[in-house]
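Notes for the one structure printed next.
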Amino acid sequence: MLREIFVTLLLAGLVFCAVATAVSRRLMRTVIIFMAYSLIMSVVWLLLEAPDLGITEAAVGAGVTGILFYLALRRIHQFDRDAANQEERVRSDNENGSAKEE
Amino acid sequence: MFTSLTDLWAHMAENYIVVVSIILFGVGFTTLLFSRNLLKKVVGLNIMDTGVYLLLVSMGFIDGRHAPIIADGITDAANYINPIPSGLVLTGIVVSVSVTAIMLSLVVRLYEKYHSLNLDVIYELRNKEDHT
Amino acid sequence: MRRSFQQKLSAWYRGKYDFTLKTADPLQARWKHEYTGKEHKIREMERRELAFSGVLYNILCVLFCLIFIGVLLIAVAFLPAHGSPDNPAVNEVMERYVEEGMDETGAVNTVAGMILDYRAFDTLGESFVLFTAVCAVTILMKNTKKRAPDGTPVPMAVKPGIVEYSKDNIVKTVSRFLIPFIFVFGVYVLLNGHLSPGGGFSGGAILGGALILYAMVYGEDRAAAVFSERLIKTVVLSSLSFYALAKSYSFFTGANHLPSIISTGTPGRILSAGLILPLNVAVGFVVCCTMYSFYMYFRRGRIQ
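Residue numbers (my numbering), protein chains in the order written: chain A, 1 to 102; chain B, 1001 to 1132; chain C, 2001 to 2304.
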């Protein structure tokens, strides 16, 4: 009974993470949510009594696939572009913030 | 067959893992089809893969039995779940990571040539290249 | 005037306190307005393509997704109930694998016994898929263009602002303690494939992860000095050939297997289960070198 509740919660988390990767606009955020998705999936494998799959998914899904996505992002500089957009937004936020304070 | 809609709902509620795996497959497929960014398409394909694996492993689960590692020398098949789907999905996970690596290297190469991750823009640039 | 808690929270959420986002050069942040000619045209095209989509497009996407899921959900009505022992997948094959598995293969872990003894061809095919993936990534990502006049390859330039893990003190200190433990754990998981959950793929992936962490933190040159291209090629090719030779005799003997020279031993000890332990080690080596090569090719275009 408790096990089923736990599995249901984890599966709800899975669906939430999957929809969040589909909807998010920034690529770095997508990659990190994907790694979290893979981690939740690894625990679901354990609850479905497949421990080999749990270890493999944790090492391969969250570890290696996440790193490959990160390296691809690094190489295509999208990472940098996100940082530049963020920096612009923060700078304008600072200017607005200091204008309000004065 | 099912006599009424409530029967159908009850069956789906009992098979909730299969329902979630179908939802994941649908979300992944939609991301693959409709997102503009090539990297998001790769992420969508990965999510589709994991949805299928969830379906396969849930077919091997039997209530009240344990993982197929033989403990205390008891080899009675009524104590363990079905090991076959688990073995097939183990192969699938590793193949999925290989396919992701190849797709990501293709994406990186495409970006280095066309400086864009948007597939429509790449098509336009290639059409221009072909015509000139 | 002091900022309220709400303002500080929203500023944190938007990244004001995040040190990794500060670029070294303040002018670097404005580069998106300084595109050179060709890239400016491409960004204009992208903006035009993005402006094409609106709310209607998003609604149509969601509608398509829901219809697709609805059509597939009809199939759930025909599937057996979850977890029932009357599942048609529970047949005599599963009973044979579980009941006679330990006697015939000697492996306590039924899944490992199945994938490396009863169904060893599938695992061989999968190792070949990994090898093909490394070949494809090599062809696509190998950096053959940039060479200095005397033939040594030129390192890839790094844009300022991207975090370099080899200069970060926290990561370096923590990995100094963690990497040996990850290696030992990987070797343990690899060798215990037939006794407990684990095996070639998990152990190989953990070992590959340890190698990637070492290369990331201590610099790729130091890692490349130990794991040269020749060593990795030798390890991968010899492991694959060993596996292929050990299990492809069935092409010539039909479906009968030869009685194996290596006896299965007492189940529960490490040196048991016939050929499963060497095959696990071979698969683990292939997976480890594959993960490490992916990292090196993505990072700098050569293993060396």
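Each residue gets a CB set at the ideal place from its N, CA and C atoms; glycine is no exception.
Contact set between residue 1043 of chain B and chain A, taken where Cβ atoms lie within less than 7 Å: 21, 30, 34
For the alpha helix (DSSP H) containing residue 2304 of chain C, name the first residue and the last one. No alpha helix (DSSP H) contains residue 2304 of chain C, which DSSP labels as neither H nor E.
Would you report the Cα separation of residue 2092 of chain C and residue 1063 of chain B, rounded to the nearest angstrom? 19 Å
How about the region 2098 to 2117 of chain C and the region 2190 to 2200 of chain C: do they share at least three Cβ pairs that are nearer than 8 Å? yes
If you count every other CB in all the chains shown that lies within 10 Å of the CB of residue 57 of chain A, and 16 or more means buried, which is it? buried
May I ask you to report which of helix, strand or coil DSSP gives residue 1046 of chain B? helix
Looking at the strands, I want to know which residues DSSP matches up with residue 2269 of chain C. C:2267
What residue from B:1039, B:1013, B:1070, B:1097 has the CA that sits closest to residue 1083 of chain B's CA? B:1070
Counting C-beta neighbours from all protein chains within 10 Å, is the total for residue 2210 of chain C 16 or more, i.e. buried, or is it exposed? buried
Between the region 1047 to 1069 of chain B and chain C, which residues of the former have CB atoms less than 7 Å from a CB of the latter, in chain order? 1058, 1059, 1060, 1061, 1062, 1063, 1068, 1069
The alpha helix (DSSP H) with residue 2209 of chain C in it runs from where to where? 2200 to 2218
Taking residue 2287 of chain C as part of the alpha helix (DSSP H), name the residues at either end of that continuous run. 2276 to 2300
Cβ closer than 7 Å: which chain C residues qualify as neighbours of residue 1102 of chain B? 2133, 2136, 2137
Within the same chain, show all residues whose beta-carbon is closer than 8 Å to that of residue 2213 of chain C, passing over the 5 residues directly before and after it, in chain order. 2175, 2178, 2179, 2182
Interface residues of chain B facing residue 2196 of chain C [CB-CB closer than 7 Å]: 1069
Label residue 2198 of chain C either buried or exposed according to how many other C-beta atoms from any shown protein chain fall within 10 Å of its C-beta, with 16 as the threshold for buried. buried
Counterpart residues of residue 1080 of chain B in DSSP-defined beta bridges: B:1066
Under 7 Å Cβ-Cβ, which residues of chain A neighbour residue 2059 of chain C? Result: empty, since nearest Cβ-Cβ is about 13 Å, beyond 7 Å.
Cα separation between residue 1108 of chain B and residue 2004 of chain C? 44 Å
What's the call for residue 2124 of chain C, buried or exposed, on a 16-neighbour Cβ count within 10 Å? buried
Minimum Cβ-Cβ distance from residue 1022 of chain B to chain A less than 8 Å: no
Cα-Cα separation, residue 1098 of chain B to residue 2239 of chain C: 18 Å
Determine the extent of the alpha helix (DSSP H) in which residue 2122 of chain C is found, giving its start and end residues. 2120 to 2141
Put residue 2083 of chain C into one of helix, strand or coil per three-state DSSP. strand
Does the count of Cβ pairs from the region 1080 to 1096 of chain B and the region 50 to 64 of chain A closer than 8 Å reach three? yes
For residue 2184 of chain C, does the count of other Cβ atoms within 10 angstroms reach 16, so buried, or fall short, so exposed? exposed
Reduced DSSP secondary structure (H/G/I, E/B, other) of residue 2091 of chain C: coil
Using 8 Å as the limit for Cβ to Cβ distance, is residue 69 of chain A near chain B? yes
Among the residues of its own chain, which have a CB less than 6 Å from the CB of residue 1044 of chain B, if the five just before and after it don't count? 1028, 1031, 1032
Where do the ends of the alpha helix (DSSP H) carrying residue 1123 of chain B lie? 1119 to 1131
Beta carbon proximity, residue 2289 of chain C to chain B, threshold 8 Å: no
According to DSSP, simplified to helix, strand and coil, what is residue 2058 of chain C? helix
Let me see if you follow: with CB-CB separation under 8 Å, is residue 2003 of chain C close to chain B or not? no
8 Å is my cut-off, CB to CB: does residue 1075 of chain B come that close to chain C? yes
Looking only at C-alpha atoms, which of C:2011, C:2231, C:2230, C:2292 sits nearest to residue 92 of chain A? C:2011
State buried or exposed for residue 2271 of chain C, treating a residue as buried only when at least 16 other CB atoms are found within 10 Å of its CB. exposed
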